[in-house]
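Chains as they are written, first to last, in our numbering: chain A, -19 to 131; chain B, -19 to 131.
Protein chains: 2
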Amino acid sequence: MKLIAPIATAIAAAAFTLPAAAQFAKPEDAVKYRQSALFVMSQHFARIGAMANDKVPYDAKAAVENAEVVAEMAKLPWTGFVPGTDKIGNTKAKPEIWTEQAKFREHNEKLVGETQKLLAAAKTNNLDNLKAAFKPTAAACKACHDDFRNK
Amino acid sequence: MKLIAPIATAIAAAAFTLPAAAQFAKPEDAVKYRQSALFVMSQHFARIGAMANDKVPYDAKAAVENAEVVAEMAKLPWTGFVPGTDKIGNTKAKPEIWTEQAKFREHNEKLVGETQKLLAAAKTNNLDNLKAAFKPTAAACKACHDDFRNK
C-alpha cells in the first residue's frame, strides 16, 4: 500500500483499529453510517467548493470551519464498509471494495491526506491556496467513486 | 439563554455563524444532514455506552477516539433544523423546535457541553470517570428527544 503521508497514514490506521463488523449492531447500521458520514462530509466540502469556484464570496473563517469538518469526516466512513454489505439498502458500493481492499484503502488514505492539505490551505486564509487544494481533494473523491461506486 | 460553559457556548456560536437555510441546496438536504450527523454521533456514543455499561471491555484508547467523534459531531446537527423542515421526509422533528428556539438551542448547547466533558473524562483513561460523564451526556440526548422529537 502506498503511503501518502505519515499523518494521513496514522489517522487511517487509527480508523481501522477495530474489526469493522464488531462496531455495528447490524449490517444496515454500517451502510447508514458510511452514507451518513459521507453525506455530512459532502455538504461541508460543497461549501468550500462554492468558494473555490467563485460561486459565493470567500469567507476565510467559514472555509476553515468547513475544512475542519471535512478533514474529520474523511476519517470515518471506511469502517462502515463491512464485508457483505454490498447488497444492503440503497448502497452503491461495488463488490470490488472487498475484492480490492488494498486499492480501496489507498483511495481512503489519499482522501484523508488531501483533506488534511485542504485544511492547511484553508488556514492560510488565502483563496488561491484554497482553490489549489480543492481540486486534488475533489479528484480524490472522484477517483474512488469511479472505481468503487455504482452510478 | 442559559450559558452552560464558555467553551461550549463558543462552539455553539460558531455552529450558528451562517443562516441555516443558506447552507443547504434544498430542504431535504437539511433534514438528511441533521439525521446523518445525529446518526454518526449515536453510533460512536453507543460504543462508549457499551463500555460505560460494562457490556464490552473498557478500552481507553477507543473511548477517547469515540468521544472525540461524539464531541465533534455534537456541534453539527443544529444548522440542519431549518425553519419549515418539520414535514420533510421521515423527520421526527416537532414544530416546537421552531416555536421554542431558545429552549431548543439551550438543549443543543447542553449536549455540546456534556460531550466536551465526556471527552475530558475519556482522556483521564479512567473507566469510573467515563461512566460518570456518560450518564449526563445520555440525559442531554434524552431531554432534547423528550421535548422536541416525535416518537
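Where a beta carbon is used, it is the ideal one built from N, C-alpha and C, also for glycine.
Return yes when the Cβ of residue 20(B) is within less than 8 Å of the Cβ of residue 17(A), no when it is not.
yes
Can you round the beta-carbon distance between residue 25(A) and residue 13(A) to whole angstroms, since I take them to be within the 8 Å contact cut?
Not quite, the Cβ-Cβ distance comes to about 18 Å (not below 8 Å), so this is no contact.
Using DSSP with H/G/I as helix, E/B as strand and the rest coil, what is residue 40(A)?
helix
Given this structure, state the Cα-to-Cα distance separating residue 49(A) from residue 34(B), to the nearest angstrom.
31 Å
What is the DSSP secondary structure of residue 73(A), reduced to helix, strand or coil?
Residue state, collapsed to three classes: strand.
Taking CB distances under 8 Å as the criterion, tell me whether residue 92(A) reaches chain B.
no
Anything in chain B within Cβ reach of residue 49(A), meaning under 8 Å, just list it in chain order.
Those are 52, 56, listed as they occur along chain B.
For residue 96(A), go through chain B and note every residue whose CB falls closer than 9 Å to its CB, in chain order.
Going along chain B, no residue has its Cβ under 9 Å from residue 96(A), so there is no contact; the nearest lies around 15 Å.
Identify every residue that forms a DSSP beta bridge with residue 27(A).
Beta-bridge pairing links residue 27(A) to no other residue.
Tell whether a beta-carbon distance below 8 Å holds between residue 36(A) and residue 30(A).
Their beta carbons are under 8 Å apart, which means residue 36(A) touches residue 30(A) by this criterion.
Rounded to the nearest angstrom, how far is the Cβ of residue 10(B) from that of residue 28(B), given a contact under 8 Å?
The pair is not a contact, with the Cβ atoms about 28 Å apart (cut-off 8 Å).
Collapsed DSSP secondary structure at residue 123(B) in the structure displayed:
helix
For the stretch 8 to 21 of chain A, which residues have a CB atom closer than 8 Å to at least one CB atom of chain B, in sequence order?
Residues 9, 12, 13, 15, 16, 17, 19, 20.
At 8 Å on the CB atoms, spell out the chain A contacts of residue 23(B), in chain order.
3, 4, 9, 13
Those residues which DSSP pairs with residue 14(A) across a bridge
Per DSSP, residue 14(A) has no beta-bridge partner at all.
Does residue 129(A) get closer than 8 Å to chain B when you measure Cβ to Cβ?
no
Cβ of residue 27(B) within 8 Å of any chain A Cβ:
yes
Between the alpha carbons of residue 72(A) and residue 57(A), how many angstroms are there, rounded?
Their Cα atoms are separated by approximately 14 Å.
Spatial neighbours of residue 124(B) within its chain, please: CB distance less than 6 Å, with the 5 preceding and 5 following residues excluded, ordered by chain position.
Only 87 meet the Cβ criterion.
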